[in-house]
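J.: What follows is a structure written as structure tokens; I'll ask about it next.
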Amino acid sequence: MFEAIILILDATLRVSTPLVLAALAGLYAERSGIVDIGLEGKLLGSAFAAAAAASVFGSAWIGLVFGIMASVGLALIHGFACITHRGDHIVSGVAINTIVAGLTVTLGLDWFAQGGQTPALIGDQRFVPLTLPFADALADVPVIGLIYSELLSGHNILVYLAFALVPASVWLVYKTRFGLRLRAVGENPHAVDTAGINVAFLRYRAMIICGILCGIAGVYLSTAHNAGFLKDMSAGKGYIALAALIFGKWRPIPVMFACLLFGFLDAVAVRLQGVSLPGIGEVPVQAIEVLPYVLTILLLAGFIGKAVGPKAIGRPYVKERG
Amino acid sequence: MSQAKVPVWVNVALIPFINIMLAFLVSALIILSIGENPIEAASYLIYGAFGYEEGIGYTLYYTTNLIFTGLAVSIAFKAGIFNIGGEGQAYIGGLGVGLTCLAFDSTMPLYIMIPLCIIGGAVFGAAWAYIPAYLNAKRGSHVVITTIMFNFIASSLMVYLMVNWLKKEGSMSLRSREFEESAWLPYMHEILAPLGITIESSPLNGSFIWALICCVLIWILIWHTRWGYQLRTLGMSATAAVYAGIENGKVTIWVMLISGALAGFVGLNEIMGVNHSLLLNFTAGYGFAGIAVSLMGRNHPIGIVLAAILFGALYQGGSELAFEIPTITPEIVVVIQGLVILFSGALEHMCKDRVESLFIRKAA
Amino acid sequence: MTTPYAIELRNISKRFGAVQANKDICLKVTAGSIHGVIGENGAGKSTLMSIIYGFYEADSGDIEVGGEGVRIRTSEDAIRYGIGMVHQHFMLVENFTVLENIILGAEGGALLKGGIENARAELHRLEQEYSLDVDIDAVVEDLPVGLQQRVEILKALYRGAKVLILDEPTGVLTPQEADHLFRILKSLKEQGVTVIIITHKLREILASTDNVSVMRQGQMVADRVTAQTNKEELAELMVGKKVRLTVDKNEAKPTDVVLAAKDLSWFDEQGIERLKKVSLDLKAGEIVGVAGVSGNGQSELLSVLSGISPLSSGEIQFNGETINAKNSKNAQQMRDLKMAHVPEDRHKMGLVTGFEAYESAILGYHNSNAYNGKLLLDRQAMLDECNERMQKWDVRPPNPHLKTANFSGGNQQKIVIAREVEQNPDVLLIGQPTRGVDIGAIENIHEEIIKLRDAGKAILLVSVELDEIMALSDRIIVMLDGAIVGELNAKDADERTLGLMMANALNDEVKEGNQA
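Chains as they are written, first to last, in my numbering: chain W, 1 to 322; chain E, 323 to 686; chain P, 687 to 1202.
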């Protein structure tokens, strides 16, 4: 029983990783006042770029670089539309998601001729699980050994990175000058402008951070969690991350827990596949598929009521005329 | 304080034209980058869409779907709501049409089946929009996320229903039994033949007429009734709406219900008009394309019809293109849609301000 | 310093699209003085100040600070040259503390910790020097408006401002708080800070400035030494013609009570009580004015009476109906009962700026048979009526198809007032009727309100302009913190008494007076 729980928690960490990264990405964007529906597109785009590059160059690390570049590029397009041209944030996000959905398959077919997928990645083209020091030696120690060797050890580096970025974000957002300005510009960009700070530059920097984090998430999907890119492989994770962000009230640690909750329920659901529950019978596979989506809706509907986000979110900053 | 006026045609025709040209330009660059000739691609596209009678029929058949989803997104936009759930609402609306057909096709004649199916599609499509609408009105839940979630849920739900309930007995394919002929919506070539007009046969069917009727009805509703006044007020200023005694929550819900119903009519075209049975994945991205259509059509029914024809042409031409140049996937059409949304929607100010200032400078 | 001027502007011009906001402006501000810039709404004062503060860059012209020619392209430049600005709408991050707001932009390093320590010390010094007391660890949204303004001033001084610009500083203050502000400004002047006040309030200029410059329609039309001019001259310079500053009215002849409100209470979304057992009666043929600084429950009172917000508790008797928490009526239903409402914010509530004028003209009455057939809107009827009304109320331009946003403030207000008044209501609620309206049009609107009263309507007037309240009202009630703290006949009211009531300091001053 204990072992089963550990295994579920282990799976939780793996499944939550892209959510944590994407949700943190959304945090930076939204704290600066930009709504980012395009997390999904950035996830998908960077997954594709990473898998393609890893396949062509034979290294997951090169894949990481390309994945991040793709995601940052998309983030800058979103920034260009929203910040410089005062476009509607949601429309821009939908546009980017749509373009990426089509472009990944179009380019994929042209480059790899496998119907839009990338070739399956092997060996160095993937991020491999790392064994923490002494994990093997401690494996037999009761309780702690299992926790250390199964739960904590044996993940690939991106998982550790993702969870390390959470406290790092707490520090960046609350203890630095950049963080103060970031939080200010999402609440009252006029106050920031009159203090002599360039609002647009600040928001672009937030979008770049968003792009980097989303990029890592996408890279994880295609080179660590999976072994290659598949059409529409992000399957709504970008939106779920957004829901987790709202549920976590735009603060790094609650957001992380929200993502872990999703991951946990997903992991539990997978275990229930094919299992007969009393009174219900066999759980249909589609029910497990929709679980994250239903949970998202419950979160947005039930617990939060009206979550109050950064005050100036979604509104283009226009200097008022005298 | 006088302000020079920009001629109306600039906003209604010139700027959308520029936006779409930019989208095509970027698409051309993408086609170039995969080593194909964009001009050649464009010519196949145009030929496929308009070059022969059957092609035109196909184009208009796609247009029908896009009018429905374009209207659906538009009416919600006008009330200030972003309904991205068109894909799911169309899917479930189709389920409604299909279930109605399966239930009554052996007992009812065609002229009763048609209104029954219209109601079936509308009710199911509206029902699928109801929960996101309710949650948005009462709980402030982000309607964009909830409607997208419902799209995913619709997908899984349909598979479940198909596999476990609906598929034809003894068959392995994921399709219901074929409907009796009394539940087949006549094709346009069938409707026009007795009038002495012969056209090539194509999937274009009577739902096209219903789509045009819907355009007129929606136009009247939005612009010529007090309910339309209410939804336009809500879309422009939620605070003014409250001041005016408009119940914003209620308006949000009934607008979304109409929106869902309109998307549901895709089922009329696909299930009752073409496939004559219930199947999976017939929504094929029409829901999302509806967003591009409504943005390009500036949320006005005439603009929507024109934009729907354009995108219908892209779908049909895209099939032809993919056939002639196998290295270009049909997904290129999705890219073009996304670019149109980008230039007509998110970047609409980019060209608008510059072009308008050209006209103001001339006048001043 | 070879020049006596802290700031000198020469031929500053600025155009926004087709609008010439500033044309060839020349301005000389003597160092260590308090200089007023006065003008109507739209005269271009805010644009000019925005140029000095680097919000915009002038199209042409020169700026000299302390005798040195400078280019001010951004607020950062302005701050560097020692210019600070206190905006009309505060530029504060509401959920930050006072300290965080002050160091924003001047954090003193990439990590906050060090900067905060230094800031505390410096702020303490500033507070002592200028007697600007405020708790720097308080969260801004918890502070009263008067204190928030002090934070804005501290912000500017913290960055070493030698020239302080204040934009419409007393709009949100009680008369006593305004006096306190002027004392602070005098103390700043004594320390060598130059102060520029932008305002449209004649009384403030005369009370606190050394010199005044008048702007009209984008141009600087006059400079005066304050002691050598008066209200009438300044008003005339602002408008370009003689202006009547008072309203002629007869004695009111109030009759029956039309609306009786008893113990009205209302809680907002956060559960804070914004209306505390407010009771009042409105009589036909009477204007009741509600005085008080913005934010003391007046807006909520209007909201609850008009049906926009439902009552939490209490009762309203109106035209034979009883309205309370269980039997609430929305704004539409209140209109059916013959109540009309000119809201405080015409842009957000009273009009739909994106609609053409004739559509805004039926806002709230869109369900009426006058504009509807069985199913369809009767657009011709709407247009006919709009044309008629535009002629009657002299709305310019008289074009029903022009977008509401393109009318001037005064004309927009006329559209709203016409709409509400022409319904022939029994009760009219009016909030800030002349906000953002030119002096010339104010006269007009005041006359119409008096006419309504004489026609037997009951009118509730809410305004932050004490002059307006005193000029129009027959009875005045004062609100503070959601409750009515005073009521008197207009005859017995003067600014000082009202001001003390508004700050609930009436008893205190009486006590002080007794001790003196």
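Ideal placement from N, C-alpha and C gives every residue a C-beta, glycine not left out.
The structure presented is a predicted model; accordingly, all values stated were derived computationally and were not measured.
Using 7 Å as the cut-off, classify the Cβ of Leu-151 of chain W as near or not near the heavy atoms of the ligand HEM, replying yes or no.
T.: Ligands displayed in this structure: none; no statement on the ligand HEM is therefore possible.
J.: Does any residue of chain E have a CB that is nearer than 8 Å to the CB of His-1052 of chain P?
T.: yes
J.: From Leu-1114 of chain P to Leu-945 of chain P, what does the alpha carbon distance come to, in whole angstroms?
T.: Spanning the alpha carbons of Leu-1114 of chain P and Leu-945 of chain P requires a straight line of approximately 11 Å.
J.: Hey, would you say Ile-323 of chain W sits closer than 8 Å to Val-466 of chain E, going by beta carbons?
T.: With chain W running from 1 to 322 in the structure shown, residue 323 of chain W is simply not present.
J.: Under three-state DSSP, which class holds Met-901 of chain P?
T.: strand
J.: Going along chain P, which residues have a C-beta under 8 Å from Leu-558 of chain E?
T.: For the sequence presented, residue 558 of chain E should be read as Met rather than Leu. Result: Val-1038, Thr-1039, Gly-1040, Phe-1041.
J.: Assuming Gly-589 of chain E and Gly-420 of chain E are in contact, meaning their beta carbons sit under 8 Å apart, how far apart are those beta carbons, in whole angstroms?
T.: 7 Å
J.: In terms of residue numbering, what span does the beta strand (DSSP E) encompassing His-1027 of chain P cover?
T.: 1025-1028
J.: Assign Ser-992 of chain P to one of three DSSP states: helix, strand, or coil.
T.: helix
J.: In the DSSP assignment, the beta strand (DSSP E) including Cys-82 of chain W goes from what residue to what residue?
T.: Element bounds for Cys-82 of chain W: n/a, residue is neither H nor E.
J.: Under 7 Å between beta-carbons, which chain W residues line up against Glu-786 of chain P? List them in chain order, please.
T.: Leu-180
J.: Of the residues that make up the segment 398-418 of chain E, which ones have a beta carbon closer than 7 Å to any beta carbon in chain P?
T.: none
J.: Taking just the CA atoms, how far does Ser-998 of chain P sit from Lys-948 of chain P?
T.: 12 Å
J.: Can you name, in chain order, every residue of its own chain whose Cβ lies under 7 Å from the Cβ of Val-577 of chain E, other than the five neighbours on each side?
T.: Ile-397, Ala-398, Ala-401, Ile-403, Leu-553
J.: Under the DSSP definition of a beta bridge, which residues are partnered with Phe-953 of chain P?
T.: P:Glu-959
J.: Mind listing the chain P neighbours of Lys-175 of chain W? Cutoff is C-beta to C-beta under 9 Å, in chain order.
T.: Leu-797, Leu-798, Lys-799
J.: Taking just the CA atoms, how far does Met-435 of chain E sit from Ile-593 of chain E?
T.: Annotation: Ile-593 of chain E to Met-435 of chain E spans about 13 Å, alpha carbon to alpha carbon.
J.: Taking Leu-602 of chain E as the reference, which of E:Phe-681, E:Ser-498, E:Arg-461, E:Ile-406 has the closest Cα?
T.: Closest by alpha carbon: E:Ser-498.
J.: I'd like to know whether the C-beta atoms of Arg-1139 of chain P and Gly-971 of chain P end up nearer to each other than 8 Å.
T.: yes
J.: Count the other CB atoms within 10 Å of the CB of His-1052 of chain P; is the residue buried (16 or more) or exposed (fewer)?
T.: buried
J.: Let me know if Glu-793 of chain P comes out buried or exposed under the rule of 16 or more other beta-carbons within 10 Å of its beta-carbon.
T.: buried
J.: According to the Cβ coordinates, are Leu-920 of chain P and Val-898 of chain P closer than 8 Å?
T.: yes
J.: Could you check how far apart the C-beta atoms of Gly-392 of chain E and Ala-629 of chain E are, in whole angstroms? I think they sit under 8 Å.
T.: 7 Å
J.: Based on the DSSP output, what are the partners of Ala-562 of chain E in its beta bridges?
T.: Answer is none; Ala-562 of chain E lacks a bridge partner.
J.: Apart from the five residues on each side of it in sequence, which residues of its chain come closer than 8 Å, Cβ to Cβ, to Val-657 of chain E?
T.: Ser-349, Ile-352
J.: Grab the span of the beta strand (DSSP E) containing Asn-97 of chain W for me, first residue to last.
T.: Per DSSP, Asn-97 of chain W belongs to no beta strand (DSSP E); it is in the alpha helix (DSSP H), 89-112.
J.: Between E:Ile-470, E:Ile-650, E:Ile-682, which has its C-alpha nearest Pro-360 of chain E's C-alpha?
T.: E:Ile-650
J.: State the start and end residues of the unbroken alpha helix (DSSP H) segment that holds Ala-635 of chain E.
T.: 623-646
J.: Can you check whether the C-beta of Leu-778 of chain P is within less than 8 Å of a C-beta belonging to chain W?
T.: By the rule that beta-carbons nearer than 8 Å mark a contact, Leu-778 of chain P touches chain W.
J.: For the alpha helix (DSSP H) containing Gly-755 of chain P, name the first residue and the last one.
T.: No alpha helix (DSSP H) holds Gly-755 of chain P; the beta strand (DSSP E) holding it covers 754-756.
J.: With burial defined as no fewer than 16 other Cβ atoms inside 10 Å of the residue's Cβ, what is the status of His-810 of chain P: buried or exposed?
T.: exposed
J.: So, does the segment 962-976 of chain P touch the segment 1144-1162 of chain P, judging by three or more C-beta pairs under 8 Å?
T.: The segment 962-976 of chain P and the segment 1144-1162 of chain P touch, with no fewer than 3 CB-CB distances between them shorter than 8 Å.
J.: Could you list which residues in chain W have their beta carbon closer than 7 Å to that of Phe-610 of chain E, in chain order?
T.: By Cβ distance, chain W contributes Thr-98.
J.: Relative to the C-alpha of Ile-90 of chain W, which residue among E:Leu-617, E:Gly-634, E:Tyr-637 is closest?
T.: E:Leu-617
J.: If the cut is a Cβ gap below 7 Å, which residues of chain P does Val-285 of chain W touch?
T.: Those do not exist, as Val-285 of chain W stays about 43 Å from chain P at its closest Cβ, beyond 7 Å.
J.: Looking only at its chain, what residues have a beta carbon closer than 6 Å to the beta carbon of Leu-213 of chain W, apart from the 5 residues adjacent to it on each side?
T.: Leu-21, Leu-24, Ala-25
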